[in-house]
Amino acid sequence: MVSNYPELTRLREEGYRLTPQRIAILATLRDAQGHLSPAEVYQKVSKDIPGLTEATVYRTLNFLAEQGLVLVAHLGRGQLVYEVAETDHHHLICKQCGDMQEIDHLALEGLYKQFQDKTGYQINTIHATFFGYCPNCQKGSEG
Ligand SMILES: [Zn+2]
Ligand SMILES: [Zn+2]
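Here's what the structure looks like:
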């Protein structure tokens, strides 16, 4: 059953209600094994939950992100995507074609440590987004 998800166990332990929306949205993100926009989540979940509104999907995704149960990535132009992540990672996004690559967090650990040593900050940003141009689009702009 979907209600065995560790994310759901945590919600229950922390005293939150396991509403059908929360369960269905977490299940959808888990099944997707990748990133989904709120519109994509809505499309999938609304089949199972009649009467679901897009506003509820946004609110639920926001709630799950605040609880640290799902990760949110900013893709630029105000676009957000959500996922249930097994591993810490970041994203590279091409500003021209929208291509997205994942970078393992291990690759940035040294950098984080440098920042922490320098500033005394304890950095807890997992799932950052870096923008640039992919190899294909670089070729294009060179003509
Ligand atoms: Zn590109
Ligand atoms: Zn991600």
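Everything in the sequence shown is counted per my numbering, starting at 1142 for the first residue and increasing by one.
Even glycine gets a Cβ: it sits at the ideal position worked out from N, Cα and C.
The model shown is predicted, which means the values in this text are computed figures rather than measured ones.
- Selection around ligand 1 by beta-carbon proximity, strictly under 5 Å to any non-hydrogen atom, yields Cys1235, Gln1237, Cys1238, Asp1240, Cys1275, Cys1278 in chain order.
- Counting C-beta atoms within 10 angstroms of its own C-beta, Pro1179 has 16 or more neighbours from the protein chains shown and is therefore classed as buried.
- At least 8 Å separates the beta-carbon of Thr1169 from that of Leu1216.
- As a beta-bridge residue in DSSP terms, Thr1270 pairs with His1232.
- Taking 8 Å as the cut-off, the beta carbon of Tyr1199 is found no closer than this to the beta carbon of Arg1171.
- In this structure, DSSP gives Ala1168 a helical state, which the three-state scheme calls helix.
- Look at Tyr1146 here: in three-state DSSP terms it is coil, with no helix or strand label.
- Put simply, the backbone Cα of Tyr1253 is about 7 Å away from that of Ile1264.
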